[in-house]
Structures are given as structure tokens and as C-alpha cells.
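Residue numbers (our numbering): 36 to 259.
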């Protein structure tokens, strides 16, 4: 998979251009599936109106409303109750997965329970994450971000990239997301980590990592 891991969606020209390059064709020619599942696990987000806003393209974070050829919904909590042949071909044929923010560990749990986590590495689609949708790709998220607690405990995520992400750096509505907070968070992580603001994304293709930004970000290396 090609990964575009954002803090707040496709909200500037640089991130938009990176997405189009990764798709290899115009957005208007691409079929998308949106995944709102992370929203349900976060007390500030869903379920309710914000989940509807994301799915319908009325969210303040541009992802679903970019002009896709088609947009479908893939609800991970429903997948364990239906046959895989009803949804796996749909995922394999899509051009892009649009994965909402919310609670990263809740999303990770349902990615695993649904079988999507096992499927992701073999997909040709572009994976676009928003906040928790990006954080879930990391080996772990750090205690700072633990909200919903998985049955197994801990803060482990999918380990599909080798770095962790601290999103919404210096956001005016999140007073605990300063650079100093990010530095303390990073000091407790086992591997490399990035703090990114809402004008920044991380592009990963074949293991090569590139930061795409019109804002502020910082890479933290693990202490030896």
C-alpha cells in the first residue's frame, strides 16, 4: 500500500498534489471507500452528527468531498458478521481508503477483528489517514493518546510503519498538543516519531518516508 498519513485531511495544495501523484490518475477517476469506525470510540466525535458529516462529505476535514468518482462506506464493526466474499473484493478493487479520525486503539481493534488489518499490506489502494486513522499505522501510540482501552490493554497499534505520530501539533483547541508535550510523548516512545500539525502529512511508499508540509513538524529519533 501507499500511505498518506495526515493530521487533518487533504487541506492544502501540497498534500492534495501528493495524493494525486500517489493515485496516478485524477481524483475524478478514482473510487473511494470511507471508514468512519474510529469516530465511534472517541467521546468528542461519535456516534452521531460528526460521523454523518464525515461520511457525507460535510466534515471540516477535506477527504470525502474531494470529487471522487464514487464514495462508499466500509464500516469495520459490521464486517465480522458478514461473509468476506461480500466485502473483500470491494476493498481490493477500490482506489483509495479514506480513514477518519477518532480513537486510534478502537480503530486498531476493529481493523483486526474485521480482518482488514491482515488485508492492508496486499492492497494496491492508497490509504489516506486522518489523525487516529494515521496513528493506527504505527507500532504504538503512546500512553498520552490512550482513550478507549482494548481488551488486551496496552497501546499497541498495527506496526505497518516503524514510526509513531503525534497529530494536531499546536492546535488552538488542544492546549495539551504543544511542541513541549510532543517532546515528552516522544521521549517515552521506543522508535522514531513525528509531531505534525494540521498542514502536514507523511507519505510512505515502499518504505520510503517523505514529509509533505505547509506548516510545522518535527522528527524525533529514539534515545540510544
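The C-beta atom is built at its ideal place from N, Cα and C for all residues, glycine as well.
Under 7 Å Cβ to Cβ from residue 112, same chain only, skipping five residues before and after it: list those, please. By one-based count along the chain shown, residue 112 stands at place 77. 72 and 145.
Give me whichever residues DSSP pairs with residue 236 in a beta bridge. Indexing the chain shown from 1 puts residue 236 at position 201. 41 and 247.
Can you round the beta-carbon distance between residue 182 and residue 77 to whole angstroms, since I take them to be within the 8 Å contact cut? On the chain shown, residue 182 is found 147 positions in, with the first residue counted as 1. On the chain shown, residue 77 is found 42 positions in, with the first residue counted as 1. With 8 Å as the limit, residue 182 and residue 77 qualify as a contact, their Cβ atoms being about 6 Å apart.
For residue 97, collect the residues of the same chain with a Cβ closer than 7 Å to its Cβ; drop the 5 residues on either side in sequence, then sort them by chain order. As a first step, residue 97 is located in the chain shown; it is residue number 62 there, counting from the start. Counting only Cβ-Cβ distances below 7 Å, and skipping sequence neighbours, we find 44, 45 and 46.
Note the first and the last residue of the continuous beta strand (DSSP E) segment covering residue 106. Here residue 106 corresponds to residue number 71 of the chain shown, with the count starting at 1. It spans 105 to 108 - the beta strand (DSSP E) in which residue 106 sits, taken as one unbroken run.
Is residue 257 near the ligand GTP - that is, is its Cβ less than 7 Å away from at least one heavy atom of it? Ligands in the displayed structure: none, and consequently the ligand GTP is not present.
Taking the DSSP output, what are the residues bridged to residue 132? As a first step, residue 132 must be located in the chain shown, where it is residue number 97. According to DSSP, which records beta bridges pairwise, residue 132 is partnered with 68 and 162.
Own chain, CB closer than 6 Å to residue 238, minus 5 neighbours either side, in chain order: The residue given as residue 238 occupies position 203 in the chain shown. The residues are 39, 53, 245 and 247.
With DSSP run on the structure shown, which of helix, strand or coil describes residue 121? Numbered from 1 along the chain shown, position 86 holds the residue referred to as residue 121. In this structure, residue 121 counts as helix in the three-state DSSP scheme.
Per-residue DSSP class, three states only, for residue 259: Counting from one through the chain shown, the residue named residue 259 turns up at place 224. Low confidence applies to residue 259: its pLDDT is 49, below 50, so where it sits in the model is not reliable enough to give any reading.
Could you tell me the boundaries of the alpha helix (DSSP H) in which residue 63 lies? Within the chain shown, residue 63 is the residue found at index 28, counting from 1. Where residue 63 is concerned, there is no enclosing alpha helix (DSSP H), given that its DSSP letter is neither H nor E.
Measuring only the C-alpha atoms, how far is residue 106 from residue 67? The sequence position of residue 106 within the chain shown is 71, counting from 1. The sequence position of residue 67 within the chain shown is 32, counting from 1. Each residue's Cα considered, the two are about 5 Å apart.
Please list the terminal residues of the continuous beta strand (DSSP E) segment that includes residue 192. As a first step, residue 192 is located in the chain shown; it is residue number 157 there, counting from the start. First-last for residue 192: undefined, no H or E at that position.
Proximal residues to residue 58 (C-beta, below 8 Å), its chain only, five neighbours per side dropped: For this step, residue 58 is matched to residue 23 along the chain shown. Counting only Cβ-Cβ distances below 8 Å, and skipping sequence neighbours, we find 65, 130, 131 and 161.
Would you mind sorting residue 259 into buried or exposed? The rule is 16 or more other CB atoms within 10 Å of its CB. Indexing the chain shown from 1 puts residue 259 at position 224. At residue 259, the pLDDT of 49 sits below 50, so the modelled position is not reliable and the matter cannot be decided from this model.
Nearest-angstrom Cβ-Cβ length linking residue 199 and residue 171, presumed shorter than 8 Å: Within the chain shown, residue 199 is the residue found at index 164, counting from 1. Within the chain shown, residue 171 is the residue found at index 136, counting from 1. So it is not a contact: roughly 11 Å between Cβ atoms.
Could you check what DSSP says for residue 79 in three-state terms: helix, strand or coil? The residue given as residue 79 occupies position 44 in the chain shown. Reduced to three states, the DSSP call for residue 79 is coil.
With residue 136 and residue 167 assumed to form a contact (beta carbons below 8 Å), what rounded beta-carbon distance in angstroms separates them? Along the chain shown, one-based indexing puts residue 136 at 101. Along the chain shown, one-based indexing puts residue 167 at 132. 5 Å between Cβ atoms; contact.
Apply the 10 Å Cβ neighbour rule to residue 37 and answer buried if 16 or more other Cβ atoms are within range, or exposed otherwise. Within the chain shown, numbered from 1, the residue matching residue 37 stands at position 2. Buried, because 16 or more other Cβ atoms sit within 10 Å of the Cβ of residue 37.
Any idea if residue 212 is buried or exposed, counting beta-carbon neighbours within 10 angstroms, 16 or more meaning buried? Translated into positions along the chain shown, residue 212 becomes position 177. Under this definition residue 212 is a buried residue.
Find out if the Cβ-Cβ distance for the pair residue 123, residue 155 is shorter than 8 Å. Start at 1 with the first residue of the chain shown, and residue 123 comes out as number 88. Start at 1 with the first residue of the chain shown, and residue 155 comes out as number 120. It is not a contact, given that the beta carbons lie outside the stated cut-off.
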